[in-house]
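Enquirer: One structure coming up, written as structure tokens, with questions to follow.
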Amino acid sequence: MPKIGDIELPDFPLLLAPMEDVSDPPFRALCKEQGADVVFTEFISSEGLIRDAAKSVMKLDIYEKERPVGIQIFGANLDSMLQSVEIVEKSNPDIIDINFGCPVKKVVSKGAGAGILKDIDLMVSLTDAMVKHTKLPITVKTRLGWDEDSIKIVEVAERLQDVGCKAISIHGRTRAQMYKGYAKWEPIAEVKNNPRMHIPVFGNGDVDTPEAAMKMRDEYGLDGAMIGRASIGYPWFFREVKHYFKTGEHLALPTMQERVHAARRHLQMSIDWKGEKLGVFETRRHYTNYFKGIPNFKEYRMKMVTSDDAVDVFDAFDEVLEKFGDYQFEQV
360 MPKIGDIELP
370 DFPLLLAPME
380 DVSDPPFRAL
390 CKEQGADVVF
400 TEFISSEGLI
410 RDAAKSVMKL
420 DIYEKERPVG
430 IQIFGANLDS
440 MLQSVEIVEK
450 SNPDIIDINF
460 GCPVKKVVSK
470 GAGAGILKDI
480 DLMVSLTDAM
490 VKHTKLPITV
500 KTRLGWDEDS
510 IKIVEVAERL
520 QDVGCKAISI
530 HGRTRAQMYK
540 GYAKWEPIAE
550 VKNNPRMHIP
560 VFGNGDVDTP
570 EAAMKMRDEY
580 GLDGAMIGRA
590 SIGYPWFFRE
600 VKHYFKTGEH
610 LALPTMQERV
620 HAARRHLQMS
630 IDWKGEKLGV
640 FETRRHYTNY
650 FKGIPNFKEY
660 RMKMVTSDDA
670 VDVFDAFDEV
680 LEKFGDYQFE
690 QV
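Count the sequence shown with my numbering and you get residues 360 to 691, in order.
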């Protein structure tokens, strides 16, 4: 059974990836209910934290029901990162995760996220300093490398482990790939198969079916899977993977009633947490997947993703249930 520090995890745990404007408390709660074993916050700017920026500080909100939960931070300045660790500790997470993998230009241009893959020594020294600055387990999420010509992930993972990193999640793409092409799991397996490695190695990227999760477990031998895009608007993915592991069969897809109920709860929790304007806006990205595959659905989807008034969106949910309540979802 893998462990992150003293945190015991089930065999082949499923982790909810930290995703900007996605992995907020409402969505984490839904994923936790559906079987996510570890959840992570949206990534949080260390510079934003030490400036007390409202959006960054708000992301520190965590709740007992979602444990074990990790707070993820990013940055490239040592002093800022250490100060942010002290701020994060006050929220009492179970894990502090460092983002060394975000490929977005505004993050990379500051030398943070995947930008630090150009300076592995800095990556290691930052991790080392943060491990020494807190009693909480420090974990890392990263990518294979900056580009195809600079993949040194086996060495990088070993060095991170040697300075006290307690687990590593590796996205099977380079920064140059962004989210294009296919994730390569072979280099992640090389990290896991390095005889010097003894911390958990989690795979990330293209785990979009139960079969893919099983392949990552059985053929690549990784310790767990970090789930990102497959969960957006579809928190049931976690329970489907676990059911498949247990039975070898696909779980029946969630009914229309389940989907509307989840979407309604998701929106209400978002409004309760961040107010109506942001709650309505930031929940929009989920509706396509909540109601994917329904014919003649465009009118209702457009209402959900263009309405600024929560009442209109809740009305759209009611209309969907009335018109499509008997719709049978089928495996693709």
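Even for Gly, the Cβ is constructed at its ideal location relative to N, Cα and C.
1) To which residues of the same chain is Arg660 closer than 8 Å at the C-beta, ignoring the five residues directly before and after it?
2) Kindly indicate which three-state DSSP category Thr498 falls into: helix, strand or coil?
3) Under the DSSP definition of a beta bridge, which residues are partnered with Asp456?
4) Using only alpha-carbon positions, find the residue among Gly460, Met575, Pro377 that is nearest to Gln536.
5) Label Arg555 either buried or exposed according to how many other C-beta atoms from any shown protein chain fall within 10 Å of its C-beta, with 16 as the threshold for buried.
6) Under 8 Å, with one C-beta from each stretch per pair, do the region 456 to 474 and the region 497 to 507 reach the 3-pair mark?
7) Give the C-beta separation of Ile430 and Ser415 to the nearest angstrom, bearing in mind that I take them to be a contact with Cβ-Cβ under 8 Å.
8) If we ignore side chains and look at the alpha-carbon of each, how far apart do Asp383 and Ala473 end up?
9) Would you mind listing the alpha helix (DSSP H) stretches within the region 537 to 588 that are 4+ residues and don't spill past its ends, in chain order?
10) Taking Cβ positions, are Leu485 and Ile446 nearer each other than 8 Å?
11) Helix, strand or coil: which one does DSSP assign to Ile630?
12) Residue range of the beta strand (DSSP E) that Phe399 falls in?
13) Between the region 503 to 510 and the region 485 to 494, are three or more C-beta pairs nearer than 8 Å?
14) Measuring alpha carbon to alpha carbon, tell me which of Asn552, Tyr538, Phe688, Asp577 ends up nearest Gln616.
15) Hey, how far is the Cα of Ser443 from the Cα of Glu401?
16) For chain D, find out if any of its Cβ atoms is closer than 8 Å to the Cβ of Val600; answer yes or no.
17) Measuring only the C-alpha atoms, how far is Cys524 from Ala669?
18) Just to confirm, does Ile363 get its C-beta within under 7 Å of one of the non-hydrogen atoms of the ligand SAM?
19) Out of Ala413, Val550, Tyr422, state which residue places its alpha-carbon closest to the alpha-carbon of Ala526.
20) Which residues bound the alpha helix (DSSP H) around Ile446?
21) Is Ser309 near Leu419, with beta carbons less than 8 Å apart?
22) What is the residue span of the alpha helix (DSSP H) that His602 lies within?
23) Taking buried to mean at least 16 other C-beta atoms within 10 Å of its own C-beta, is Asn563 buried or exposed?
24) Out of Gly470, Arg644, Val679, Leu610, which has the shortest C-alpha to C-alpha gap to Val664?
25) Could you give the DSSP three-state label for Lys464: helix, strand or coil?
26) Does the beta-carbon distance from Pro385 to Trp544 come in below 8 Å?
27) Going by beta-carbon coordinates alone, are Leu373 and Ile586 separated by less than 8 Å?
28) Give the C-beta separation of Gly634 and Leu626 to the nearest angstrom, bearing in mind that I take them to be a contact with Cβ-Cβ under 8 Å.
29) Tell me the DSSP bridge mates of Ser404?
Expert: To lay it out plainly:
1) Locating residue 660 in the sequence shown gives position 301, where the first residue counts as 1. The answer, listed in chain order, is Tyr646, Thr647, Phe650.
2) The sequence position of residue 498 within the sequence shown is 139, counting from 1. Note: Thr498 maps to strand in three-state DSSP.
3) The residue labelled residue 456 in the question sits at position 97 within the sequence shown. DSSP output for Asp456 lists Gln431, Thr498 as bridge partner(s).
4) The residue given as residue 536 occupies position 177 in the sequence shown. That would be Gly460, whose Cα lies nearest to the Cα of Gln536.
5) Within the sequence shown, the letter at position 196 stands for residue 555. Arg555 comes out exposed.
6) Three or more beta-carbon pairs separated by less than 8 Å link the region 456 to 474 to the region 497 to 507, which places the two stretches in contact.
7) Working through the sequence shown from its first residue, we reach residue 430 at position 71. Working through the sequence shown from its first residue, we reach residue 415 at position 56. Contact doesn't hold; Cβ gap of about 11 Å is too wide.
8) Position 24 of the sequence shown, counted from the first residue, corresponds to residue 383. Position 114 of the sequence shown, counted from the first residue, corresponds to residue 473. If you take the alpha carbons of Asp383 and Ala473, they lie about 22 Å apart.
9) For the region 537 to 588, whole alpha helix (DSSP H) runs of length 4 or above, ordered along the chain, are 545 to 552, 569 to 577.
10) Numbered from 1 along the sequence shown, position 126 holds the residue referred to as residue 485. Numbered from 1 along the sequence shown, position 87 holds the residue referred to as residue 446. Not a contact, by the Cβ cut-off of 8 Å.
11) In the sequence shown, counting from the first residue as 1, residue 630 sits at position 271. Here Ile630 sits in helix by DSSP.
12) Within the sequence shown, residue 399 is the residue found at index 40, counting from 1. That run of the beta strand (DSSP E) goes 397 to 399.
13) no
14) In the sequence shown, the residue the question calls residue 616 occupies position 257. If we check each option's Cα against that of Gln616, Phe688 comes out closest.
15) What you label residue 443 is simply residue 84 of the sequence shown in a count that begins at 1. What you label residue 401 is simply residue 42 of the sequence shown in a count that begins at 1. Here the alpha carbons of Glu401 and Ser443 stand approximately 15 Å from one another.
16) Given the protein chain composition of this structure (a single chain), no chain D is represented.
17) As a working mapping, residue 524 is identified with position 165 in the sequence shown. As a working mapping, residue 669 is identified with position 310 in the sequence shown. About 43 Å.
18) This structure lacks the ligand SAM, and indeed carries no ligand of any kind.
19) Reading the sequence shown from its first residue, position 167 is the one you call residue 526. Closest by alpha carbon: Val550.
20) Indexing the sequence shown from 1 puts residue 446 at position 87. Unbroken alpha helix (DSSP H) run through Ile446: 437 to 448.
21) Since the first residue of the chain shown is 360 and the last is 691, residue 309 is not available in this structure.
22) Residue 602 sits at position 243 when you count from the first residue of the sequence shown. From DSSP, the alpha helix (DSSP H) with His602 extends over 596 to 606.
23) Residue mapping note: residue 563 aligns to position 204 of the sequence shown, counting from 1. When all chains shown are included, Asn563 counts as buried.
24) Walking along the sequence shown from the start, residue 664 turns up at place 305. Answer by Cα proximity: Arg644.
25) For the purposes of this step, residue 464 is identified with residue 105 of the sequence shown, where counting begins at 1. Here Lys464 sits in helix by DSSP.
26) To locate residue 385, count along the sequence shown from 1; it is residue 26. To locate residue 544, count along the sequence shown from 1; it is residue 185. Not a contact, by the Cβ cut-off of 8 Å.
27) Counted from its first residue, the sequence shown places residue 373 at position 14. Counted from its first residue, the sequence shown places residue 586 at position 227. For Leu373 and Ile586, yes; Cβs fall inside 8 Å.
28) Indexing the sequence shown from 1 puts residue 634 at position 275. Indexing the sequence shown from 1 puts residue 626 at position 267. Gly634 to Leu626, Cβ: 12 Å. No contact.
29) Taking the first residue of the sequence shown as 1, we reach residue 404 at position 45. BP columns for Ser404 point to Phe433.
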